[in-house]
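Visitor:
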Amino acid sequence: MHQTWLMRAAVAVVCLLLSGCSVMDMFRGRDRDVVEEEPPVARRAEPPQKPSDVLKAPRPDIASPVSDYFYVRGGYFMPKVTTTLRLDSGIGTPGTVLSGEDDLGLSDAPDQGSAEFMIRMRERNRLRVNFLQLDRDSRVDLTRNINFGDQVFLLDDRVATLLDWRMISMTYTYSIFKRERFELGAGLGVHVLVAEARGSVPARNQRERATGAGAFPTIAADAAFRISKRWAVTARGQQFSTKVGGFDGSISDYHLDVQYRMRRNFAIGLGYTATKVNVEVTDSDFPGLFDIDVKGPEIFLRASF
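If you use our numbering, the sequence shown corresponds to residues 565 to 869, in order.
1. Thinking C-beta only, is Thr-737 closer than 8 Å to Ala-784?
2. By alpha-carbon positions, which one of Leu-706, Glu-862, Phe-864 and Thr-846 ends up nearest to Thr-657?
3. When the Cα atoms are used, what is the spatial distance from Thr-735 to Gln-803?
4. Please classify Pro-643: does DSSP put it in a helix, a strand, or coil?
5. Assuming Phe-717 and His-755 are in contact, meaning their beta carbons sit under 8 Å apart, how far apart are those beta carbons, in whole angstroms?
6. Nearest CA to the CA of Ser-631: which residue from Arg-684, Arg-692 and Thr-837?
7. Mapping the DSSP letters down to three states, classify Pro-781 as helix, strand or coil.
8. Quick one, which of Leu-727, Pro-851 and Arg-790 has its alpha-carbon nearest Thr-646's?
9. Let's test the definition: count the other Cβ atoms within 10 Å of the Cβ of Leu-649 and tell me whether it reaches 16, buried, or not, exposed.
10. Considering only residues of the same chain and omitting the five flanking positions on each side of Leu-820, which have a CB-CB separation below 7 Å?
11. Out of curiosity, what's the CA-to-CA distance linking Arg-790 and Gly-639?
12. Run through DSSP, which three-state label would Ala-787 get?
13. Distance check for Ile-863 and Asp-812, CA to CA, integer angstroms please.
14. Tell me which residues share the same chain as Val-636 and place their Cβ nearer than 7 Å to its Cβ, disregarding the 5 neighbours each side in the sequence.
15. Note down, in chain order, each residue of its chain lying with its Cβ closer than 8 Å to the Cβ of Phe-591, except the 5 sequence neighbours on either side.
16. Take Ser-628 and list the residues in its own chain whose beta-carbon comes closer than 6 Å to its own, dropping the five residues that flank it on each side.
17. Helix, strand or coil for Pro-658, going by three-state DSSP, please let me know.
18. List the whole-angstrom C-beta distance separating Glu-744 from Ala-787, where the pair is believed to meet the contact cut-off of C-beta under 8 Å.
19. Between Leu-853 and Val-723, is the Cβ-Cβ spacing less than 8 Å?
20. Quick check on this structure: which residue in Ser-739, Met-731 and Arg-771 has the alpha carbon closest to the alpha carbon of Ala-777?
21. Thinking just about the alpha-carbon of each residue, which of Ile-815, Gly-810, Ile-832 and Tyr-824 is nearest to the one in Pro-851?
22. Determine the DSSP secondary structure at Ala-867, reduced to helix, strand or coil.
23. Sorted by chain position, which residues of the same chain lie with C-beta nearer than 7 Å to Asn-842's C-beta, five sequence neighbours on each side aside?
24. Write down the C-beta distance between Asp-672 and Met-642 rounded to the nearest angstrom, noting that I regard them as a contact closer than 8 Å.
25. Along the beta strand (DSSP E) that carries Asp-675, what are the first and last residues, could you check?
26. Within the same chain, show all residues whose beta-carbon is closer than 7 Å to that of Met-826, passing over the 5 residues directly before and after it, in chain order.
27. Taking Asp-666 as the reference, give the member of Asp-699, Arg-703, Leu-651 and Gly-801 with the closest Cα.
28. Using the C-alpha atoms, what's the distance from Leu-651 back to Trp-729?
29. Is the distance from the Cβ of Lys-644 to the Cβ of Gly-801 below 8 Å?
30. Between which two residues does the beta strand (DSSP E) carrying Ala-724 extend?
31. Here's the rule: buried if 16 or more other CB atoms are within 10 angstroms of the residue's CB, otherwise exposed. What is Asp-817?
32. Do the CB positions of Gln-715 and Gln-770 come within less than 8 Å of each other?
33. Nearest to Leu-706 by alpha carbon, out of Leu-668, Arg-686 and Asn-689?
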């Protein structure tokens, strides 16, 4: 009986021990699961992209004379003009050398308009066209006798004079140096000149008229520099001289300006232009001498893209 009780007690102890081990294993497994399971890492959400950002075009380059592919410019030109004129007779008798302003009373400070446009062909090739017109007329009493073509105008005659002059220039330049802010080009141009001179004494029914036209090739250079987002400077120059047979002539044309870009496609500027033409002809329909010097400031508006 005693042995039976001992055996029952031993079995009970073993069962308790086994139950305790199972419980301990269960808690250890839970702890291990807790340790091995890493908490999720919080990630910062990316801001949603706006539809306007998707549709927004890439930011364009800064607009300037260096990057323009086309422009048209209209200006108000306030030049100082000096004119020397001589009109020979049809048989070759030299006429009187006259000052258009002092002898004939032509205005030496006319207000004129000017026009210019440029087309850029590809990245470095440019074609520029300029137009300048200078029309003047006067009535004055002569202070001396003058020979004007086939007519002789006498002292104290009331002479009516008209002198029209037009110049159209076409210039091609190639940019030999081009960067984002600076451009330098060189090329060739042609200046087409048309002049008409009239003199008359209505009281004695005397009239003389002569017209002439010619073309000058020129060697050209131009440059543009963007100072800042809105300010830029441009400059150009052309010159040529020749003497062939009965023709002796020269031409020079220079321009410098500063521009302020009010909007991407519009600018206002202040410039200075100096143009000088000297032509002496002995064997054409306009035999004589024509020398004109036009220089002065200019204010202009410029549209471009």
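Think of the CB as a built atom: it goes at the ideal place given N, C-alpha and C, for glycine as much as any other residue.
Guide: The short version:
1. yes
2. Thr-846
3. 12 Å
4. coil
5. Not a contact, Cβ separation roughly 32 Å.
6. Arg-684
7. Of the three classes helix, strand and coil, the one that applies to Pro-781 here is strand, per DSSP.
8. Leu-727
9. buried
10. Ala-799, Gly-835 and Tyr-836
11. 21 Å
12. strand
13. 34 Å
14. Phe-681 and Ala-867
15. At Phe-591, the pLDDT of 41 sits below 50, so the modelled position is not reliable; the number obtained from the coordinates is stated separately. Excluding sequence neighbours, Phe-591 sits near nothing in its chain.
16. Arg-790 and Ala-796
17. Three-state result, Pro-658: coil.
18. In fact, because the Cβ distance is near 15 Å, the residues do not count as touching under 8 Å.
19. no
20. Met-731
21. Gly-810
22. Note: Ala-867 maps to strand in three-state DSSP.
23. Closer than 7 Å at the Cβ level, and outside the excluded window around Asn-842, lie Gly-813, Ser-814 and Asp-855.
24. Rounded, the Cβ-Cβ distance is 12 Å, inconsistent with contact.
25. Neither: Asp-675 is in no beta strand (DSSP E) and is coded neither H nor E.
26. Cβ contact annotation for Met-826 (same chain, cutoff 7 Å, sequence separation greater than five): Ile-832, in chain order.
27. Arg-703
28. 15 Å
29. no
30. Unbroken beta strand (DSSP E) run through Ala-724: 722–742.
31. buried
32. Contact flag set, yes.
33. Leu-668
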